[in-house]
Structure formats: structure tokens, C-alpha cells
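Here the working numbering is used: the first residue of the sequence shown is 252, the next is one more, and so on.
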Amino acid sequence: GQALAYNVGQASLRAADQASVQGEKHLTQELLDLATVAADVLVGWDPFTGYARSFTEFFSGRNIITGEELNSIDRTLAGFTLMTGVPNKPLRLTFRALSKATQHLPVISTRLAATLNRIKWALGKKESLPFAKGAIEHIWKGEFSLTRTSLKIRGGMHTHHGLKHFLAENERLGLKYIFKDVTKFPTINQEAGVILRQTLPNGVTRLQFPREAFSRQGWKSPKLSSSPNRIAGVKSFYPQHFDLSDLTHIASKVNIGQTFPGYGSTYYKGVKLKVGIDEHKMIRTIFPD
């Protein structure tokens with residue numbers, strides 16, 4: 252049962268990656284939900300991890316897999332397990348996972364490691380911090396606000412994959428950005444429709460977007476003012492050769508002894524990275540520093 256649940260989780264994550272690349276948002280969410288169910292099964296199946304999970308959930312009030320707040324019924328079930336020592340959900344969740352798996356297992360590709368990291372974390376294999384819900388998409392694709400005339404950046408977007416999506420959507424709406432290479436960024440990029448670009452020797456690209464490229468929330472983001480001399484509108488992008496699997500390796504290098512919440516730093520493939528960690532000890536963002 253445990254091996255089956257683990258394989259279902261892995262396959263679901265790989266399929267979710269492929270669905271995400273193809274723009275199938277609904278299928279991606281279904282597959283990630285399935286992977287979360289598999290993680291639930293894995294944790295609840297073993298009496299020791301099941302009991303530890305119930306202890307944590309009952310006193311924290313949050314699901315150890317998703318980080319979401321428990322409803323009154325689930326919290327009561329966690330308390331029941333504490334009193335009886337019997338995990339209460341594994342068989343029901345196994346059948347639920349299997350019924351969904353038959354629909355989606357043929358769709359296999361690379362991977363999307365957020366929930367798989369949660370599985371490892373919950374089972375005590377703490378090689379890396381888990382990713383918070385939505386963190387992978389925040390980093391890889393970005394968060395945006397759509398208006399009638401443009402797609403605006405709300406946060407994230409630290410890969411060329413996300414940048415291509417941003418540029419293509421804006422061009423579809425009639426706004427075509429052009430790039431201009433510079434050696435030094437101004438305090439604010441005041442050239443409408445122009446993205447200023449710097450390419451570093453390690454392959455990292457830094458782009459300074461004009462104010463109108465951001466939503467109000469995106470422009471006020473503290474990440475934008477973390478660049479040298481408080482330069483506004485700058486976002487950093489991973490080298491072209493980085494892929495989703497690199498995020499898992501980066502997570503394993505974070506100093507988990509640091510104070511939470513806050514930012515940690517690490518190096519990976521010659522790139523200095525800043526890692527944002529939330530109050531639940533989960534990674535919310537990783538970007539080149």
C-alpha cells in the first residue's frame with residue numbers, strides 16, 4: 252500500500268508538470284490534489300508517522316501536508332487518533348487515490364516537486380524544506396493580473412519560461428515589449444514598453460521593467476527593492492539551463508537552522524540564491540540574488 256501510494260504521488264507530480272507546461276490549469280490542479288492525497292496516505296499508513304502527524308495537526312490546527320487550516324471535523328479526527336493511537340483515514344484515502352489515478356497515470360513527464368517534498372518532510376526524510384502551496388508556480392511562471400490592455404506582474408516569475416508567457420500574453424493584447432541592454436540600471440525605468448537587460452557571467456539575467464508592467468501589489472513588493480541601491484522594478488532570472496528539478500536540489504541546500512520566517516542564502520551551480528521561508532518553515536520563493 253505504501254509503495255503504491257508513493258508511486259501514485261510521483262506519477263501525479265510528473266503528470267502535473269506536463270499539464271502545466273501545456274497550459275491545462277484544471278488538470279494540473281487535479282493532479283496536484285491527487286499527489287496531496289497520496290501524501291496523506293503515506294503519512295497516515297505508518298502508525299508512528301500517523302500518530303506524529305495527528306499530534307502536530309491537533310495542536311497546530313493545520314494540515315501537515317498542505318499547510319492549510321483544518322476544519323473542525325478533521326481536527327477532531329486528529330484528536331481521536333491521539334487518544335486511540337489508531338490512524339483513521341488510510342484505507343479510504345487509498346481507494347480515493349486509486350480511482351483518480353486510473354484517469355491520469357498515462358500522462359507522465361518530468362516532475363513538479365512541491366508535494367513530493369512535503370511527503371519526504373512528513374516521513375522524516377528532511378533533506379530539504381518543503382515548498383509552500385503555490386510556491387513552484389510563483390517561482391517558475393509568476394503571478395499576474397490581467398487587464399483589458401496588458402498582463403501585469405504581481406510577483407514571482409524568475410525563469411525564462413515565465414518571461415516568455417508574460418511577453419506572449421502582452422503581445423496578444425497589443426503590447427510588444429522591446430529589450431535594451433545596459434551596464435547600469437537607473438533608479439526607475441521610465442521608458443514605456445522597454446525592458447532594460449543585464450546578463451551576468453554566471454548566466455543570470457536581470458531585467459528592469461517599467462512601472463506599468465506591474466500591478467499595484469507587484470510594484471510595492473519588497474523583493475523589488477532588494478537590489479543594489481534600492482533600484483525599483485528589477486527581477487532576476489535563472490540561467491536558461493535551469494529546470495524544475497534544480498529547485499529540489501536548491502531546497503536541500505538551505506540552512507534550515509535559520510530563524511523563521513525570513514530569507515536564507517545558498518549557492519547552486521555558481522549562482523547565489525535568496526530563499527524566502529514562511530512562518531511554517533516552508534519555502535515561498537527562490538530567486539537569483
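Every residue, glycine too, gets a C-beta built ideally from N, C-alpha and C. Please read all numbers here as calculations on a predicted model, not as lab measurements.
**Prompt:** What are the residues that DSSP puts in a beta bridge with tryptophan 382?
**Reply:** In the sequence on display, residue 382 carries phenylalanine and not tryptophan. According to DSSP, which records beta bridges pairwise, phenylalanine 382 is partnered with Ile534.
**Request:** Using a threshold of 8 Å, state whether the C-beta atoms of glycine 406 and glycine 469 are closer than that.
**Result:** yes
**Message:** I want to know whether the stretch 423–431 touches the stretch 494–501 - three or more CB-CB distances under 8 Å.
**Reply:** no
**Item:** Coil, strand or helix - glutamine 449 by DSSP
**Value:** strand
**Request:** Using three-state DSSP, classify threonine 400 as helix, strand or coil.
**Result:** coil
**Prompt:** If you draw a straight line from the C-alpha of isoleucine 439 to the C-alpha of leucine 283, how long is it?
**Reply:** 39 Å
**Straight-line Cα distance separating alanine 266 from arginine 457** = 31 Å
**Prompt:** Which stretch, first to last residue, makes up the beta strand (DSSP E) that contains glutamine 468?
**Reply:** That residue, glutamine 468, is in no beta strand (DSSP E); its alpha helix (DSSP H) goes 467–471.
**Prompt:** Since isoleucine 429 sits in a beta bridge, which residues does DSSP pair it with?
**Reply:** Val445
**Option in Arg399, Lys520, Leu397 and His409 with minimal Cα separation from isoleucine 387** = His409
**Contact check, lysine 392 vs serine 466, beta carbons under 8 Å** = no
**Asked** Which residue's Cα is closest to the Cα of histidine 411: Val526, Thr450, Glu463 and Tyr489?
**Response** Tyr489
**Residue range of the beta strand (DSSP E) that includes phenylalanine 488** = 485–488
**Prompt:** Is lysine 435 near the ligand PLP, judged by its Cβ being under 7 Å from some heavy atom?
**Reply:** Although the ligand PLP was asked about, the structure shown includes no ligands whatsoever.
**Asked** What residue range is occupied by the uninterrupted alpha helix (DSSP H) comprising arginine 481?
**Response** Premise fails: arginine 481 is in no alpha helix (DSSP H) and is neither H nor E.
**Prompt:** Closest to methionine 533 by CA distance: which of Tyr519, Ala502 and Val522 is it?
**Reply:** Ala502
**Prompt:** What is the rounded straight-line gap between the Cα of proline 461 and the Cα of glycine 521?
**Reply:** 29 Å
**Request:** Look up valine 455 in the DSSP assignment and give the residues it is bridged to.
**Result:** Beta-bridge pairing links valine 455 to no other residue.
**Asked** If glutamate 420 sits next to alanine 443, beta carbons under 8 Å apart, how far is it from one beta carbon to the other, in whole angstroms?
**Response** Not quite, the Cβ-Cβ distance comes to about 18 Å (not below 8 Å), so this is no contact.
**Message:** My assumption, with CB atoms under 8 Å, is that glycine 527 sits in contact with threonine 517. Please give the rounded CB distance.
**Reply:** Not quite, the Cβ-Cβ distance comes to about 12 Å (not below 8 Å), so this is no contact.
**Prompt:** Using DSSP with H/G/I as helix, E/B as strand and the rest coil, what is serine 350?
**Reply:** At serine 350, the pLDDT of 44 sits below 50, so the modelled position is not reliable; the number obtained from the coordinates is stated separately. Serine 350: helix per DSSP, three-state reduction.
**Delimiting residues of the beta strand (DSSP E) encompassing glycine 513** = 513–519
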